[in-house]
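This report concerns only the one structure given below.
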Amino acid sequence: MFELTNTYKKKKTYSDYAAKDDGYRYELINGELIMVPGPSKFHQKSGGDLYVSLYLFITGNNLGEIYYAPYDVILDENNTVQPDILFISNENSLNNQDKALYGAPDLVVEIISPSSVIYDRNIKKELYEKYGVKEYWLVDIENKTVEIFENIEGKFSLFSYAVEKGKLTSKVLNGFEVEIKDILPNL
Amino acid sequence: MFELTSTYKKKLTYNDYAANDDGKRYELINGELIMVPAPSTFHQRSHRDFNRIIDYFVMKNSLGEILYAPTDVILDDDNVVQPDLMFISNDNICNILGNGYNGAPDLVLEILSPSSIIMDRNIKKELYEKHGVKEYWLVDLANKTVEVFENIDGKFSLYSYAVEKGKLISKVLNGFEVEIKDILPNL
Numbered sequence: 003m004f005e006l007t008n009t010y011k012k013k014k015t016y017s018d019y020a021a022k023d024d025g026y027r028y029e030l031i032n033g034e035l036i037m038v039p040g041p042s043k044f045h046q047k048s049g050g051d052l053y054v055s056l057y058l059f060i061t062g063n064n065l066g067e068i069y070y071a072p073y074d075v076i077l078d079e080n081n082t083v084q085p086d087i088l089f090i091s092n093e094n095s096l097n098n099q100d101k102a103l104y105g106a107p108d109l110v111v112e113i114i115s116p117s118s119v120i121y122d123r124n125i126k127k128e129l130y131e132k133y134g135v136k137e138y139w140l141v142d143i144e145n146k147t148v149e150i151f152e153n154i155e156g157k158f159s160l161f162s163y164a165v166e167k168g169k170l171t172s173k174v175l176n177g178f179e180v181e182i183k184d185i186l187p188n189l
Numbered sequence: 036m037f038e039l040t041s042t043y044k045k046k047l048t049y050n051d052y053a054a055n056d057d058g059k060r061y062e063l064i065n066g067e068l069i070m071v072p073a074p075s076t077f078h079q080r081s082h083r084d085f086n087r088i089i090d091y092f093v094m095k096n097s098l099g100e101i102l103y104a105p106t107d108v109i110l111d112d113d114n115v116v117q118p119d120l121m122f123i124s125n126d127n128i129c130n131i132l133g134n135g136y137n138g139a140p141d142l143v144l145e146i147l148s149p150s151s152i153i154m155d156r157n158i159k160k161e162l163y164e165k166h167g168v169k170e171y172w173l174v175d176l177a178n179k180t181v182e183v184f185e186n187i188d189g190k191f192s193l194y195s196y197a198v199e200k201g202k203l204i205s206k207v208l209n210g211f212e213v214e215i216k217d218i219l220p221n222l
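Chains D and Y supply the protein sequences, listed in that same order.
Read left to right, the first sequence gives residues 3 to 189 (the numbering used here).
Read left to right, the second sequence gives residues 36 to 222 (the numbering used here).
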């Protein structure tokens, strides 16, 4: 259970994160190591389907790189996350080192599950906002909803969404569209 | 389907909202009439259980009043909403008029369903934030999660939450606690 205010506890850093070798997956969020539970089959199917759609568009148009978890994104000394899917534009490629991206991806997708909803919708969302992720996709499998936010001066603003049916569009990936039923496994 | 930017369309007001008599339930949000679909039985059970617990606490401690949907909350001339449940402190009872509550309730609860999630998590959340609702409870039935936000300088900040198990606390209702399994019908 993580503490929302961490004034008295010493904050952990990337070195602590990298030294973890107990076999579990972690993220480093506001100086705390948070264990990431294994994903559900719905999470994997949804993530996989969306990744394929994005991959085809991104590589087809030579826009940059697209990765799926687990790939380290080092936002700062106390924050290293592993987004479900991340897009790094060509302009951003210099920040992409051997083992991590230093700084914010251009686009991030998080697939929500009960164990991750608090982080994806609140804490990580605020981190992505603050560090300049341009576009944030939230795929809420249980609620059959996808929300897409654009970053306007450090604040995410909803600009595309669908509930059970409808089309989703991207601004960062100009021209990219996908039907929600193609990325939600239980529809 | 509501439009996120409504620059060219004439904004509707409270009078338009009140004059609507087609028998369907609506909310007026940023000058647009948005239809409210009928709730599911999961929604109703969660609502009933939470209402029972919070109403008793408020009554026993003489803190104010609990009102619930479909009571109109007239936030301003372009915005009339019907939160699932709200708490009005003794100091604010004078704002309860015949036609509804005028202004921002002290505490608002929204129970999420796929059809309401976009509104409850984004647009209505921002309205409540801006108009000074002190505490905002979001019950995400499908993800078995409850999030509680406090209003800090016009921005909601997460301070209490539970996923499948655990206790939720209120700041506005000092001493109020509830176990998540007592308000999630499917746990």
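Where a beta carbon is used, it is the ideal one built from N, C-alpha and C, also for glycine.
Short CB-CB distance (under 8 Å) between residue i and chain Y
i	result
Thr171 (chain D)	no
Glu181 (chain D)	no
Val119 (chain D)	yes
Ile150 (chain D)	no
Asn97 (chain D)	no
Val111 (chain D)	no
Glu166 (chain D)	yes
Asn64 (chain D)	no
Asn124 (chain D)	yes
Ile114 (chain D)	yes
Val174 (chain D)	no
Tyr130 (chain D)	no
Tyr104 (chain D)	no
Tyr163 (chain D)	yes
Distance between residue j and residue i (C-alpha atoms, nearest Å)
i	j	result
Gly25 (chain D)	Asp74 (chain D)	16 Å
Ser148 (chain Y)	Phe77 (chain Y)	9 Å
Ile215 (chain Y)	Thr147 (chain D)	23 Å
Glu212 (chain Y)	Ile204 (chain Y)	5 Å
Ser41 (chain Y)	Gly189 (chain Y)	In this predicted model, Ser41 (chain Y) has a pLDDT of only 48, less than 50, meaning its place in the structure is not dependable; the value taken from the coordinates is given anyway. Taking the straight line joining both Cα atoms gives about 23 Å.
Val198 (chain Y)	Leu176 (chain Y)	10 Å
Asp164 (chain D)	Leu170 (chain D)	The sequence shown places Ala at residue 164 (chain D), rather than the Asp named in the question. Spanning the two alpha carbons is a distance of roughly 7 Å.
Gly201 (chain Y)	Leu162 (chain Y)	29 Å
Phe151 (chain D)	Asp51 (chain D)	20 Å
Thr180 (chain Y)	Arg156 (chain Y)	13 Å
Asn55 (chain Y)	Glu131 (chain D)	39 Å
Arg83 (chain Y)	Leu63 (chain Y)	25 Å
Lys13 (chain D)	Glu34 (chain D)	6 Å
Tyr52 (chain Y)	His166 (chain Y)	19 Å
Asp267 (chain Y)	Gly66 (chain D)	Residue 267 (chain Y) is absent from the model: chain Y starts at 36 and stops at 222.
Val168 (chain Y)	Leu103 (chain D)	39 Å
Leu186 (chain D)	Gly49 (chain D)	9 Å
Chain D within 8 Å of residue i, Cβ atoms only
i	result
Ile64 (chain Y)	no
Glu212 (chain Y)	no
Glu199 (chain Y)	yes
Ser244 (chain Y)	Limits of chain Y in this structure are 36 at one end and 222 at the other, which puts residue 244 (chain Y) out of reach.
Ser41 (chain Y)	Only weak support exists for where Ser41 (chain Y) lies, its pLDDT of 48 falling under 50; the coordinates are left without a value.
Leu147 (chain Y)	yes
Ile204 (chain Y)	no
Ile218 (chain Y)	no
Asn50 (chain Y)	no
Tyr196 (chain Y)	yes
Asn157 (chain Y)	yes
Ile69 (chain Y)	no
Ile153 (chain Y)	yes
Element boundaries [alpha helix (DSSP H), containing residue i]
i	result
Glu144 (chain D)	That residue, Glu144 (chain D), is in no alpha helix (DSSP H); it is neither H nor E in DSSP.
Asn114 (chain Y)	First-last for Asn114 (chain Y): Asn114 to Val116, but that is the beta strand (DSSP E), not the alpha helix (DSSP H).
Phe77 (chain Y)	Thr76 to Lys95
Glu161 (chain Y)	Lys159 to His166
Glu67 (chain Y)	No alpha helix (DSSP H) holds Glu67 (chain Y); the beta strand (DSSP E) holding it covers Glu67 to Met70.
Ser17 (chain D)	Tyr16 to Ala21
Gln129 (chain D)	One point to set straight first is that residue 129 (chain D) is Leu, not Gln, in the sequence displayed. Counting along the chain, the alpha helix (DSSP H) containing Leu129 (chain D) begins and ends at Lys126 to Tyr133.
Tyr49 (chain Y)	Tyr49 to Ala54
The beta strand (DSSP E) enclosing residue i, as first and last residue numbers
i	result
Ser192 (chain Y)	Lys190 to Val198
Val54 (chain D)	From DSSP, Val54 (chain D) is part of no beta strand (DSSP E) but of the alpha helix (DSSP H) over Lys43 to Gly62.
Val75 (chain D)	Asp74 to Asp78
Lys11 (chain D)	Per DSSP, Lys11 (chain D) belongs to no beta strand (DSSP E) and is neither H nor E.
Asn137 (chain Y)	Gly135 to Asn137
Closer than 7 Å: residue i CB and nearest the ligand ADP heavy atom
i	result
Trp139 (chain D)	Summarising the ligand content, the structure contains no ligands, and the ligand ADP is consequently not present.
_Near-chain D residues of the region 166–193 of chain Y (beta-carbon distance less than 8 Å), N- to C-terminal order_ = Interface annotation for the region 166–193 of chain Y against chain D: Asp175, Ala177, Asn178, Lys179, Thr180, Glu182 and Leu193, criterion Cβ-Cβ distance under 8 Å.
*asked:* For the structure I just gave you, are there three or more beta carbon pairs, one from the region 49–69 of chain Y and one from the region 173–181 of chain D, closer than 8 Å?
replied: The region 49–69 of chain Y makes no contact with the region 173–181 of chain D; the number of CB pairs closer than 8 Å stays below 3.
*Of the residues that make up the region 135–159 of chain D, which ones have a beta carbon closer than 8 Å to any beta carbon in chain Y?*
The residues in question are Asp142, Glu144, Asn145, Lys146, Thr147 and Glu149.
*Okay, do the region 178–186 of chain D and the region 133–146 of chain D touch, 3+ Cβ pairs below 8 Å being the bar?*
Yes: the two stretches touch, three or more of their Cβ pairs being nearer than 8 Å.
*Say whether the region 148–157 of chain Y touches the region 121–134 of chain Y, bearing in mind that this needs 3 or more beta-carbon pairs closer than 8 Å, one atom from each stretch.*
Output reads no: the region 121–134 of chain Y does not touch the region 148–157 of chain Y.
_Meets three-Cβ-pair contact criterion under 8 Å: the region 114–127 of chain D and the region 28–43 of chain D_ = Short answer: they touch.
*Quick one: any contact between the region 30–37 of chain D and the region 98–118 of chain D, if contact means 3 or more CB pairs under 8 Å?*
Short answer: they don't touch.
_Quick test of the definition: if touching needs 3 or more C-beta pairs under 8 Å, does the region 122–136 of chain Y touch the region 180–189 of chain Y?_
The answer is no - the region 180–189 of chain Y does not touch the region 122–136 of chain Y, with fewer than three Cβ pairs under 8 Å.
*Mind listing which residues of the region 80–106 of chain Y have their C-beta closer than 8 Å to chain D's C-betas, in chain order?*
Within the region 80–106 of chain Y, no residue has a Cβ that lies closer than 8 Å to any Cβ of chain D.
*Determine which residues of the region 109–136 of chain Y have a Cβ less than 9 Å from any Cβ of chain D, and write them out in chain order.*
So the list is empty, because no residue satisfies the distance condition.
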